Structure formats: structure tokens, C-alpha cells
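What follows is one structure encoded as C-alpha cells, with my remarks underneath.
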Amino acid sequence: MAKRYTVVLNLIIITFISVGFSSILQAGQTASVEVNKVKTQFLSENIKFTARLVAVQSGYVSARIAGPVIDVRIELGDYVEKGEIIAKTDTALLVGENNRLKALVDESIRQVARFQSEANLKLAELNRLEKLQNSVVFQKSQYEDSRQKLIIAKKLIEIAIAKKSIAEANLAINEVNLEWSTVRAPYNGIITAIHTEIGSWLQKGQNVITMLNNRDLEILADLPAKYISGIEQGMPIAFISTNEEKFQAIVRKILPEEDILSHTRQVRFTPDSKFLKNSIAPGQSVTIIIPVGSKKDSITVHKDALVNVAGQTFVFVAIEGKAQIRPITIGSSIGNRFEVINGLQDGEQVVIRGNERLQPGQSIKISTKTEE
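Following the numbering used here from start to finish, the sequence shown increments by one per residue and tops out at 913.
Printed below as a string of C-alpha cells:
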């Protein structure tokens, strides 16, 4: 084993010299590098499943009131933002009704003021009669009539105030209908179908367009029920895009319903925001990596520490200010790290930045230490 290690190491050094970097080693230049700690983690066996991207928001946008379409502002495939105008229906009748209801509100305000003034007169009359109670000209029947008239006047004020509230409510409802005559995008997204055109009559609840949010996506996987026990809500998992890039997602929801035929359950994942910035679309496939075995202690190394030369994977280990080359064998991956089968020990520091041009045995200066 030691002999094989020496042969591999010698081949790697020869390879470095052959590609033209020997001058760096001979000059003894000190390289500034970033190192990361080799550490022990819990790992488990993984299995890959094909999943797909689905839109979090998608569906029909419907008319809220009936009316003839007078304007369509969008075309198939357009991207619209939340609140952007999609279509308009004719508002001539609603505008006329709005003017009528405003007039009724003004009238009700004046009615309240009128009855308030009449009540004030009745109150003044009653006060005048009360002052005459000890006088020979005082008439009790007239006093009682005046008191009843004041009560009636107050009731009329209450009725007028109620009518004013009704008029204001009717006006508010009509103004909402006026607002609803303009169909707006309920969220950001792409127009995938248009169901009306200028001149068409829209019924209340009729579909105007179909749209989907192509920027707020999640991953949907139908996983065999026997593997569900290996995941839980909030757990991070790795997935691979169609261009072989690796990203992370979080288990958002495990739906508690099993397909009777396929014995699978739907699991939804929230992908990394970096992945959502790529050119992706609903329906696109991704490969998710699900843990299925029991966890075990494994030594792991940061993925940026790995360098491949002549088909061999190796790392530079920082030892006493020198970059010592070390062939290693790696296994499965977890996030941004790889399992180390052999070649490294827990706690060793490996170079993850500046290792592209390092030479075996070259002097190094550590600028940053990380452990993640």
C-alpha cells in the first residue's frame, strides 16, 4: 500500500512539472491560500429520484363583474407584474350609477342637517314652555305635544342617518364594481392563454386569461412510501439540475396521502434561490437525492479542496506552512462536502482557495480558515 502511495505521489509531481509549473516551486514563492477543516459528519446512503418543477401560483384570472370588453392589454407569452392591467370592460353604466349614488349621499346629508335643525327648534319650544310651568298661561297639553314632537324629530334624525349610511354603502359597492371593471394580474407571471377579446361579453366569474408564476417555483416529487421515513419537513436535501449543477432544497411539505396504485406520496421542496435565478420553467426535470439508509460517522472534505490530475483525486494539506499533496478516495456527497474513504484525518486543514496553481511542498500563507 505504501509503495502504491509513493508511485501515485511521484506521478502527480511529475505531472505538475510537465505542465509548466516547476518554476514556481523552484522560485520558492509563498502562496496566499484559504483552508478548510476536514471534519466528521453523519452521512447516510442516498438514492436518486426524478422530480419536476411546478409553479407555486398558476391558474385562471376571472372577471369579477359582467360587461363588454373594450380593451385587452396583453398578448400570449407576455410577462406581467402584480397589479398590471390585463383587460377592461365598459364602465358607462357604472359611471352613471356612481353619479346617481353620489347625489343620493348628498341628499341624505342634507336630510340629516334638516331634521337636526327641526329638532333644535322643537327643543327650543319645549324649553320655552318649561319656563312657563308656574305661569297662568301654561298649558299642559301644549307642553306634552311639544315634548312628543321633539321625540319624533329625534327619531327622524336617526332615520335620516340610517338612509345616509345606506346611500354611502351603495356608493362604496358601486365604486368597487368600477375598480373591478379593470382586470389586473393577481401576481407576477406569464400569460399562457387568453380567453376573451375586444367586443366579447364577459360574465361574472368567466375566465379572462390563464397565467402562471414562472419565477416562484418549487420541486414536486412522487416518492415511494417506504422512503418517506428518511425525510422530514424542514430537512435540507441535494438536487441536480438538467445541466448537472448541484443545488440544495428544503423539504417544505410531505402530503399525507398515498397513491393507491403507485404507493407514492407527494413531497414538495423549496429550492435554493440561486437555482431560481437560472433559466428554468415549470415541468422541467431535476434529480433529487434522498437519504435512505442509516446514518454513520464519516470524514468529509470541502468540494473546493479537490483537484484532479491524471485521473487521481488529491488535496493540498496545510502542514507547517507547506502545501503537502495527498491523494484521497472520495465517496458520496453531502451539500458542499464529500465523504472521504481514505487519505485524510479529522481536523486536518486542506486548501480550498489558491490550490489551482500550488506545487507539492510549496510555502503557503493562510489568509482565511473556515469549517463549513
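Cβ atoms here follow ideal geometry from the backbone N, Cα and C, with glycine treated the same way.
On a predicted model such as this, the values are computed, not experimentally measured, just so you know.
According to the DSSP secondary-structure assignment, residue 752 is paired through a beta bridge with 600, 732. Annotation: the segment 653-739 contains the following complete segments of the alpha helix (DSSP H) (minimum length 4 residues), in chain order: 681-721.
Annotation: residue 802 to residue 589 spans about 21 Å, alpha carbon to alpha carbon. Taking a 10 Å sphere around the C-beta of residue 722, we find 16 or more other C-beta atoms and assign the residue as buried.
Each of 812, 796, 795, 792 was checked against the Cα of residue 782, and the nearest Cα belongs to 812.
In the structure shown, residue 638 falls within a helical segment according to DSSP collapsed to helix, strand and coil.
Take the alpha-carbon of residue 875 and the one of residue 779: they are about 7 Å apart.
The distance from the Cβ of residue 844 to that of residue 896 is about 12 Å, inconsistent with a contact at the 8 Å cut-off. With a minimum length of 3 residues, the unbroken runs of beta strand (DSSP E) contained wholly in the segment 570-621 fall at 572-578, 580-584, 587-596, 599-603, 608-613. Spatial neighbours of residue 860 in its own chain (CB-CB distance under 6 Å, excluding positions within 5 residues in sequence) are not present. The beta strand (DSSP E) runs lying completely inside the segment 821-909 and spanning 3 residues or more are 826-832, 837-843, 848-850, 853-860, 863-868, 870-875, 878-883, 890-894, given in chain order. Going by DSSP, residue 815 is part of the alpha helix (DSSP H) stretching over 814-817.
Here the C-alpha atom of residue 688 lies approximately 59 Å from the C-alpha atom of residue 747. Out of 831, 727, 887, 880, the CA that lies nearest to the CA of residue 858 is found in 887.
Pairing residue 656 with residue 668, the inter-Cα distance amounts to about 18 Å. Segment contact: the segment 729-744 against the segment 704-719, fewer than three CB-CB distances shorter than 8 Å; contact not assigned. Per the coordinates, the alpha-carbon of residue 729 lies some 13 Å from the alpha-carbon of residue 618. Boundaries of the beta strand (DSSP E) around residue 778: 777-781. By the criterion of a C-beta distance shorter than 7 Å, residue 884 is surrounded in its chain by 867, 868, 869, 870, once the five residues flanking it on both sides are discounted.
Per DSSP, the continuous beta strand (DSSP E) segment holding residue 630 begins and ends at 626-630.
Classified as exposed, residue 609 has fewer than 16 neighbouring CB atoms from the shown chains inside 10 Å of its CB. In the three-state scheme derived from DSSP, where H, G and I count as helix and E and B as strand, residue 787 is classed as strand.
Annotated three-state conformation of residue 795 is strand, per DSSP. Nearest in C-alpha terms to residue 774, of all of 809, 754, 800, is 809. For residue 807, DSSP records a beta bridge to 763. Within the same chain, 753 come within 6 Å of residue 599 by CB-CB distance, once the 5 residues on both sides are set aside.
A direct Cα-Cα distance of roughly 57 Å separates residue 703 from residue 790.
Taking the C-beta atoms as reference points, residue 596 is found nearer than 8 Å to residue 758. When the five nearest sequence neighbours on each side are left out, the beta carbons in the same chain lying within less than 6 Å of the beta carbon of residue 910 are those of 576, in order along the chain. The beta carbons of residue 804 and residue 765 sit closer together than 8 Å. Distance from the Cα of residue 890 is smallest, within the candidate group 573, 572, 580, for 580. DSSP places residue 645 in the helix class (H, G or I) of the three-state scheme. Around the Cβ of residue 740, a 10 Å sphere holds fewer than 16 other Cβ atoms; the residue is exposed. When beta bridges are read from the DSSP output, residue 802 appears opposite no residue.
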